[in-house]
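The structure appears right after this line, and notes come after that.
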Amino acid sequence: MDTVVSGIRSTGNLHLGNYFGAIKNFLKMQKENNCFFFIADYHALTTHPKPADLHGNIKQVLAEYLACGIDPEVATVFIQSDVPEVAELYLLLNMNAYVGELERTASFKEKVRLQPDNVNAGLLTYPVLMASDIIIHKANKVPVGKDQEQHLEMTRHFARRFNMMYEVNYFPEPDAYNFGQQLVKIPGLDGTGKMGKSEGNGVFLADTPQEIRKKVMRAVTDTGPTSPNQEQTEPVKNLFTIMNVVSDPETVKFFTEKYASCEIRYGDMKKQLAEDIVKFTEPIRLRITDLLSDNEYLSRVVAAGAEKARASASKTVKEVREIIGYRGF
Ligand code: TRP
């Protein structure tokens with residue numbers, strides 16, 4: 274059985290792209306592996322959230338992931354800042370991470386460009402904290418999207434460097450758990466590109482049916498096919514891609530044939546698509562609402578998660594201290 278670690282950014286408001294691009298795979302993974310899923314709320318501090326917002330953001334993401342079916346009875350679900358051991362390992366690994374390599378990290382360079390007024394040391398050492406998150410549980414698999422591949426590569430470097438430096442074979446070098454072909458990229462409703470939170474082109478799991486209908490009916494299409502079997506334009510292809518994940522195969526087949534024979538009415542297709550999205554998201558939305566009002570349950574989940582995560586993390590930190598040479602008197 275593999276140990277899997279994945280950190281979740283506490284930016285809140287999951288959309289269909291998050292669900293079909295990653296969460297669906299988390300649900301599958303949690304059954305087959307020893308999974309640690311945590312909310313990366315130390316990492317969140319790099320962008321200086323207001324104290325009044327921090328807790329609410331964390332709670333929202335937690336509720337949304339649980340509502341999707343992440344099962345705290347199966348996986349270890351916890352909040353990063355509830356496990357201070359990770360901060361100690363981070364400190365220790367920092368001694369062995371070089372400013373040059375950290376400055377060359379793509380995500381760091383991007384942040385320098387995007388937020389030149391807030392280039393803090395936490396941003397620079399973000400990959401070291403992420404490595405600590407992972408190797409503190411001796412994970413061998415990390416589910417990552419393209420944007421995290423370099424961070425995982427660095428995690429492997431830090432693990433190997435530690436092993437070499439202390440002549441031990443202590444930390445495994447974790448592999449990327451690439452969802453490969455299974456990974457569905459969900460496009461947005463604006464005709465081009467991926468569904469994203471900041472793009473304003475998404476359907477959120479917490480959207481009400483009314484909001485969903487409004488968004489879908491406004492989705493970009495084209496003027497319609499004029500000859501049989503005409504190739505679909507990107508906006509139309511995108512609607513079919515979404516339909517493929519939420520609707521019955523017969524529904525997809527019906528509209529695909531209507532398109533091929535130039536009889537498609539996009540209004541009808543959108544109405545159907547909106548209803549199928551609602552059918553999929555509505556139970557999740559209701560669970561999110563329930564969970565958000567059940568503080569007692571949420572606090573039990575994170576307390577149990579923290580206990581399990583700390584057991585694993587403190588064992589590692591204890592052993593690492595011994596390897597480094599700290600001894601009692
Ligand atoms: N950096 C990841 C992201 O932005 C979040 C993250 C933090 C993470 N620690 C991790 C992911 C450990 C996997 C493993 O999405």
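Mapping of the sequence shown onto our numbering: residues 274 to 602, in sequence order.
Ideal placement from N, C-alpha and C gives every residue a C-beta, glycine not left out.
Predicted model, so just to flag it, every value in this text is computed and none were measured.
- Residue 337 is classed as buried because its beta carbon has at least 16 other beta carbons within 10 Å across all chains shown.
- Relative to the ligand TRP, the nearest heavy atom lies less than 6 Å away from the CB of residue 316.
- When the Cα atoms are used, residue 419 and residue 601 turn out to be separated by approximately 44 Å.
- Burial is judged here by how many other beta carbons sit within 10 angstroms of a residue's own beta carbon; residue 323 has fewer than 16 and is exposed.
- Non-local C-beta neighbours of residue 369 in its own chain, meaning closer than 8 Å and more than five positions away in sequence, comprise 431, 434, 435 and 438, ordered along the chain.
- Residue state for residue 414 is assigned as strand, using DSSP reduced to three classes.
- Between the segment 538-555 and the segment 489-497 there are three or more inter-stretch CB-CB distances shorter than 8 Å, so the stretches are counted as touching.
- Its chain contains 479 as the residues whose beta carbon lies nearer than 6 Å to that of residue 558, once the 5 sequence neighbours on both sides are disregarded; these appear in chain order.
- Only exposed fits residue 389, as fewer than 16 other CB atoms lie within 10 angstroms of its CB.
- Across the set 386, 445 and 297, the C-alpha of 445 shows the shortest separation from the C-alpha of residue 404.
- DSSP places residue 349 in the strand class (E or B) of the three-state scheme.
- Across the set 288, 320, 327 and 343, the C-alpha of 343 shows the shortest separation from the C-alpha of residue 279.
- DSSP, reduced to helix, strand and coil, places residue 307 within a strand of the structure shown.
- Taken in chain order, the unbroken stretches of alpha helix (DSSP H) that lie wholly in the segment 460-502 and span 4 residues or more are 482-490.
- Excluding residues up to 5 positions away in sequence, 283, 312, 314 and 352 lie with their Cβ nearer than 7 Å to the Cβ of residue 331 in the same chain.
- Of the candidates 513, 503 and 325, 503 places its Cα closest to the Cα of residue 534.
- For residue 448, the uninterrupted beta strand (DSSP E) run begins and ends at 448-450, by DSSP.
- At least one heavy atom of the ligand TRP lies closer than 6 Å to the C-beta of residue 407.
- Listed in chain order, the beta strand (DSSP E) elements of length 3 or more contained wholly in the segment 501-530 amount to none.
- Nearest neighbour of residue 514 by Cα position, chosen from 397, 413, 428 and 465, turns out to be 465.
- Pairing residue 320 with residue 395 gives a Cβ-Cβ distance that is not under 7 Å.
- For residue 601, the secondary structure class from DSSP, reduced to helix, strand or coil, is coil.
- Residue 587 places its beta carbon less than 7 Å from that of residue 358.
- Per the C-alpha coordinates, the member of 341, 310, 462 and 483 positioned closest to residue 287 is 341.
- With respect to the 7 Å criterion, residue 467 and residue 458 are classified as neighbours on the basis of their beta carbons.
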